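Trainee: I have a structure I would like to understand better, so I am pasting it below and will then ask my questions one at a time.
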DNA sequence: AACAATTACGTCTCGCGTAAGCATG
DNA sequence: CATGCTTACGCGAGACGTAATTGTT
């Protein structure tokens, strides 16, 4: 049972179809199908009944999904925490610099910024690899062909799976 | 950031050493090293300071780890839920059987059981919301139907993973 | 010397894409 | 017939083991 599998489940449930989930996750529908199947295989029962042409949560699936949502939220929050911890460093640096100036007005600004950050905590559809071009928001109205290669802040880039489109086939 | 990476982190922290973690996870120490490095690479800062011969959580690592623990607990609970859901079948069957007898005393028992379950779930702190899926609130709850490949939980055992030992080497 | 962690290198698993096969509305 | 899920097949990235290297007690 992996985190990615839960992400897939969530995508399917909230999108309503495998295809939509695939779109949202920037994967192919077969990948989604595989993932979910593996998850079901792992836990030992079906999560969605495919009999109805539109996938629908089974009774057990319903319960499982509720719990899964909680786990996903924790993960999401963990990611946010990580990002905050990264920003902490520079924040404290600029604070040190500012300390030589009269502080009183600055403190006000700071608290405002803090509030901003607090609200900025984005919702759910954090993408897995890195900050992709995917829009924030659960509205599910967007189709997105290309997932903007935004070269990250550092030179990391650790070879994420770029968009599908296998170059060559052989058959 | 994957679930497995968090597992590795947790293993290292609670075992105190990479080697111990490797042992616990039935992996090699290099695998553990790789996993953690990838995690650190992913989140952008070091979790453990390796300078001290015995790995020690960094300041940020401390914070991250606390949050990670929460996520891991959710995952663990999710797994438990899944297992319960598999066993759930027989439970509702016996309820159906009992339904032919006078119900009044039985209902009392049920609510007691429900309470038991509720307490049982509170092993992990901060369990709010629904009970772990067993026993829905009212008697009219739900009648499970098919939804399951009846082939139960016997044949799963996905993670046997005793010490692997690659068969062949070549060098 | 014994132990612990990093790392270079090689192998293999598995994630996922393409395409074809079914099923449903 | 259009739409959506599944399945067969294959490729490549990533996971991981072995072993050599370096640092610690």
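Residue numbers (our numbering), protein chains in the order written: chain S, -9 to 161; chain U, -9 to 161. We put the CB at the ideal spot given by N, CA and C, even for glycine. Quantities reported herein were computed from a predicted structural model and do not represent experimental measurements.
Run down chain S in chain order and give the residues with a C-beta less than 9 Å from the C-beta of residue -2(U).
Mentor: In the second chain, residue -2(U) corresponds to position 8, counting from 1. The contacting residues do not exist; residue -2(U) stays about 13 Å from chain S at best.
Trainee: Does residue 6(U) pass the burial test, meaning 16 or more other C-beta atoms within 10 Å, or should it be called exposed?
Mentor: For the purposes of this step, residue 6(U) is taken as residue 16 along the second chain, with counting starting at 1. When all chains shown are included, residue 6(U) counts as exposed.
Trainee: So, is the C-beta of residue 4(S) closer than 8 Å to a C-beta in chain U?
Mentor: For this step, residue 4(S) is matched to residue 14 along the first chain. Not one chain U Cβ lies under 8 Å of residue 4(S).
Trainee: Can you name the residues of chain S whose CB is closer than 8 Å to the CB of residue 164(U)?
Mentor: What is shown of chain U runs -9 to 161, which leaves residue 164(U) out entirely.
Trainee: Determine which residues of the segment 13 to 36 of chain U have a Cβ less than 7 Å from any Cβ of chain S, and write them out in chain order.
Mentor: Going along the segment 13 to 36 of chain U in chain order, one finds 31, 33, 34 and 35 with a Cβ nearer than 7 Å to chain S.
Trainee: Is residue 9(U) near residue 1(U), with beta carbons less than 8 Å apart?
Mentor: Here residue 9(U) refers to the residue found at position 19 when the second chain is read from its first residue. Here residue 1(U) refers to the residue found at position 11 when the second chain is read from its first residue. Cβ distance not < 8 Å, so residue 9(U) and residue 1(U) don't count as in contact.
Trainee: In chain S, what lies closer than 8 Å to residue 38(U) by C-beta?
Mentor: Mapped onto the second chain, residue 38(U) falls at position 48. Result: empty, since nearest Cβ-Cβ is about 14 Å, beyond 8 Å.
Trainee: Helix, strand or coil, according to DSSP, for residue 75(S) in the structure here?
Mentor: To locate residue 75(S), count along the first chain from 1; it is residue 85. Note: residue 75(S) maps to helix in three-state DSSP.
Trainee: Using 8 Å for Cβ pairs, my map puts residue 35(S) next to residue 76(U). What's the rounded Cβ distance?
Mentor: Position 45 of the first chain, counted from the start, is the residue given in the question as residue 35(S). Position 86 of the second chain, counted from the start, is the residue given in the question as residue 76(U). About 6 Å; that satisfies the 8 Å criterion.
Trainee: Throw me the rounded Cβ distance for the residue 38(U) and residue -2(U) pair, which I believe falls under 8 Å.
Mentor: As a first step, residue 38(U) must be located in the second chain, where it is residue number 48. As a first step, residue -2(U) must be located in the second chain, where it is residue number 8. Rounded, the Cβ-Cβ distance is 11 Å, inconsistent with contact.
Trainee: Check whether the Cβ atoms of residue 63(S) and residue -8(U) sit closer than 8 Å, and answer yes or no.
Mentor: Your numbering for residue 63(S) matches position 73 in the first chain. Your numbering for residue -8(U) matches position 2 in the second chain. Against a cut-off of 8 Å, the Cβ pair of residue -8(U) and residue 63(S) comes out as no contact.
Trainee: Evaluate residue 162(U) with the Cβ neighbour count: other Cβ atoms within 10 Å of its Cβ, from every protein chain shown; 16 or more gives buried, anything less gives exposed.
Mentor: Residue 162(U) is absent from the structure shown; chain U starts at -9 and stops at 161.
Trainee: Taking only beta-carbon atoms, is residue 11(S) less than 8 Å away from chain U?
Mentor: Locating residue 11(S) in the first chain gives position 21, counting from the first residue. Judged by the 8 Å Cβ criterion, residue 11(S) is not in contact with chain U.
Trainee: Could you check which residue in 44(U), 43(U) and -4(U) has the C-alpha nearest to that of residue 30(U)?
Mentor: For the purposes of this step, residue 30(U) is taken as residue 40 along the second chain, with counting starting at 1. Measuring from the Cα of residue 30(U), the nearest candidate turns out to be -4(U).
Trainee: Closer than 8 Å, CB to CB, is residue 50(S) near chain U or not?
Mentor: In the first chain, counting from the first residue as 1, residue 50(S) sits at position 60. Taking Cβ atoms only, chain U reaches closer than 8 Å to residue 50(S), which makes this a yes.
Trainee: Residue 162(S): buried (16+ other C-beta within 10 angstroms of its C-beta) or exposed?
Mentor: Chain S is shown from -9 up to 161; residue 162(S) falls before or after that span and cannot be answered.
Trainee: Please tell me whether residue -7(S) has its Cβ less than 8 Å away from any Cβ of chain U.
Mentor: In the first chain, counting from the first residue as 1, residue -7(S) sits at position 3. Yes, contact with chain U.
Trainee: Is the separation between the beta-carbon of residue 12(S) and that of residue 18(S) shorter than 8 Å?
Mentor: Along the first chain, one-based indexing puts residue 12(S) at 22. Along the first chain, one-based indexing puts residue 18(S) at 28. Yes. Within cutoff.
Trainee: Mind pulling the chain S residues with CB within less than 9 Å of residue 60(U)?
Mentor: Sequence index remark: in the second chain, residue 60(U) carries index 70 (1-based). 64, 67 and 68, listed in chain order.
Trainee: Can you list, in chain order, the residues of its chain whose CB lies under 7 Å from that of residue 61(U), leaving out five sequence neighbours each side?
Mentor: Numbered from its first residue, the second chain carries residue 61(U) at position 71. Once the five neighbours on either side are set aside, the close Cβ partners of residue 61(U) are -4.
Trainee: In whole angstroms, what is the alpha-carbon distance linking residue 22(S) and residue 41(U)?
Mentor: Against the first chain, residue 22(S) aligns to sequence position 32. Against the second chain, residue 41(U) aligns to sequence position 51. Distance between the alpha carbons of residue 22(S) and residue 41(U) is about 42 Å.
Trainee: In the DSSP assignment, what residue or residues form a beta bridge with residue 46(U)?
Mentor: The residue labelled residue 46(U) in the question sits at position 56 within the second chain. The partner list for residue 46(U) (beta bridge, DSSP) reads 39(U).
Trainee: Quick check: the Cα distance between residue 111(U) and residue 16(U), rounded to an integer number of angstroms?
Mentor: Position 121 of the second chain, counting from 1, holds the residue named residue 111(U). Position 26 of the second chain, counting from 1, holds the residue named residue 16(U). Any reading at residue 111(U) must be qualified, since the residue scores a pLDDT of 42, below 50, and its modelled position is unreliable; the value itself is stated next. Roughly 29 Å between the two C-alpha positions.
Trainee: Count the other C-beta atoms from every protein chain shown that fall within 10 angstroms of the C-beta of residue 49(S), then say buried if there are 16 or more, exposed otherwise.
Mentor: On the first chain, position 59 is the one that residue 49(S) refers to. Answer is buried; the Cβ neighbour count reaches 16.
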